[in-house]
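Encoded as structure tokens, the structure appears first; notes follow it.
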Amino acid sequence: MPIINFIAHNNSGAARKLKSDQYAGLSYSIYCSINSKINLTSNLWTSTGLVNSAGGTIKDIIVSEDYKPGDLPEAVIIEFLDYTGPQLFDEPHKKNYIPINPKSSFSKTHAATRTLVSIRLEYEEYLESEEEDHDDNDDKTGDDDEKADDQIIRGNNNYTCGILSQRIDCCKVDKKIENLLFTSKQTCFEANAIKIRDIQNSCGENLKTAAEAMAMQHIHKLGEAKVADTVQVSVPDVDRGPADPVNILAFITKIKNHKLYQLATKYGIIKV
Numbered sequence: 114m115p116i117i118n119f120i121a122h123n124n125s126g127a128a129r130k131l132k133s134d135q136y137a138g139l140s141y142s143i144y145c146s147i148n149s150k151i152n153l154t155s156n157l158w159t160s161t162g163l164v165n166s167a168g169g170t171i172k173d174i175i176v177s178e179d180y181k182p183g184d185l186p187e188a189v190i191i192e193f194l195d196y197t198g199p200q201l202f203d204e205p206h207k208k209n210y211i212p213i214n215p216k217s218s219f220s221k222t223h224a225a226t227r228t229l230v231s232i233r234l235e236y237e238e239y240l241e242s243e244e245e246d247h248d249d250n251d252d253k254t255g256d257d258d259e260k261a262d263d264q265i266i267r268g269n270n271n272y273t274c275g276i277l278s279q280r281i282d283c284c285k286v287d288k289k290i291e292n293l294l295f296t297s298k299q300t301c302f303e304a305n306a307i308k309i310r311d312i313q314n315s316c317g318e319n320l321k322t323a324a325e326a327m328a329m330q331h332i333h334k335l336g337e338a339k340v341a342d343t344v345q346v347s348v349p350d351v352d353r354g355p356a357d358p359v360n361i362l363a364f365i366t367k368i369k370n371h372k373l374y375q376l377a378t379k380y381g382i383i384k385v
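Here our numbering is used: the first residue of the sequence shown is 114, the next is one more, and so on.
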């Protein structure tokens, strides 16, 4: 199975030298392959089991249609068997599939930031010495980036059943090139018709109405958001019941004209 090495985006050379514990677990790089076993490195949604060290399996890797070596993925689709939250995909066998998109983290002690998907391969839990090598080889970082980029070659767009999908050819020197099919972000989220089952029996209609109103008020704050990003929609105290949450977690499933958003929450689809 082909492998892609996604290298973290650091804001400086000094930022590259810092270990993952300075960035809430974000590694210097992550090797991704379909069916790889991974662990989360941060808490994403604790009430549903998406917590630090939760185990999962990579099922798909989403890249932009203009992907080039050095780019980060738009999202990594991971199956978490212990996930207890709402279903995000229509297909029954994808009930535990969750899109994880890159996140940025600030260093605890330095003016440095790092951006990468907050996952690590399972075996890395036992290989703590790997990142320590970066301290002694910082001068070679640029060369390493170029070598890693050379291992990823962008292929032609592949059209299947009328749906545009992105094909990435992964290879290593002196190895036969193998093809790996990825879907674009729009294909993944629209062709699979993302929605979340309505569980209105656990909350009042006033909560959904309040979420819609708050989402509209927060549009100007989501200017840099992308499809597959996770956002929080806050609900005023006056509209919440005793058991209702302060914030509603939502996935952005559609963007129109860089302004309009369609959000998926556990209470249903919110169209803004």
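Even glycine gets a Cβ: it sits at the ideal position worked out from N, Cα and C.
Since this is a predicted model, take the numbers as computed values, not measurements.
DSSP places residue 128 in the uninterrupted alpha helix (DSSP H) bounded by 126-130. Residue 342 and residue 365 do touch by the CB rule: their CB atoms are close to 5 Å apart, below 8 Å.
By the Cβ neighbour-count rule, residue 126 is exposed, with fewer than 16 other Cβ atoms within 10 Å of its own.
At a Cβ-Cβ threshold of 7 Å, residue 222 and residue 122 do not count as neighbours.
With three or more CB-CB distances shorter than 8 Å, the segment 200-214 counts as touching the segment 174-191. In the three-state reduction of the DSSP assignment, residue 342 falls in the coil class, being assigned neither a helical nor a strand state. Looking at the backbone, the Cα of residue 178 and that of residue 160 are separated by about 34 Å. In the three-state reduction of the DSSP assignment, residue 207 falls in the helix class. When rounded, the separation of the alpha-carbon atoms in residue 171 and residue 208 is 14 Å. Distance from the CA atom of residue 153 to the CA atom of residue 217, rounded to whole angstroms, is 15 Å. Here residue 231 is buried. Its C-beta has 16 or more other C-beta atoms within 10 Å. Beta-bridge partners assigned by DSSP to residue 189: 174, 213.
Judged by beta-carbon spacing, residue 151 lies within the 7 Å limit of residue 234, meaning their Cβ atoms are closer than that value.
Around the C-beta of residue 183, fewer than 16 other C-beta atoms lie within 10 Å, and the residue is accordingly described as exposed. Relative to the Cα of residue 187, the nearest Cα in the group 146, 340, 345, 145 belongs to 340.
In chain order, 163 place their CB closer than 6 Å to the CB of residue 157, counting only its own chain and leaving out the 5 sequence neighbours on each side. In this model, residue 124 and residue 135 are separated by some 14 Å (Cα to Cα). Under the 10 Å beta carbon count, residue 166 is surrounded by fewer than 16 other beta carbons and is classified as exposed. In the DSSP assignment, residue 136 forms no beta bridge with any residue. Look at residue 160 here: in three-state DSSP terms it is helix. With contacts defined as CB atoms closer than 7 Å, residue 175 and residue 145 fail to qualify as a contacting pair. The closest CA to that of residue 220, considering only 363, 138, 115, 344, is found on 138. Rounded to the nearest angstrom, the gap between the Cα atoms of residue 173 and residue 199 is 19 Å. Here residue 181 is exposed. Its C-beta has fewer than 16 other C-beta atoms within 10 Å. In this model, residue 345 and residue 115 are separated by some 35 Å (Cα to Cα). By alpha-carbon distance to residue 147, the top candidate from 140, 169, 130, 131 is 169. Residue 128 and residue 143 have their C-alpha atoms roughly 17 Å apart. Per DSSP, the unbroken beta strand (DSSP E) holding residue 119 starts and ends at 117-120.
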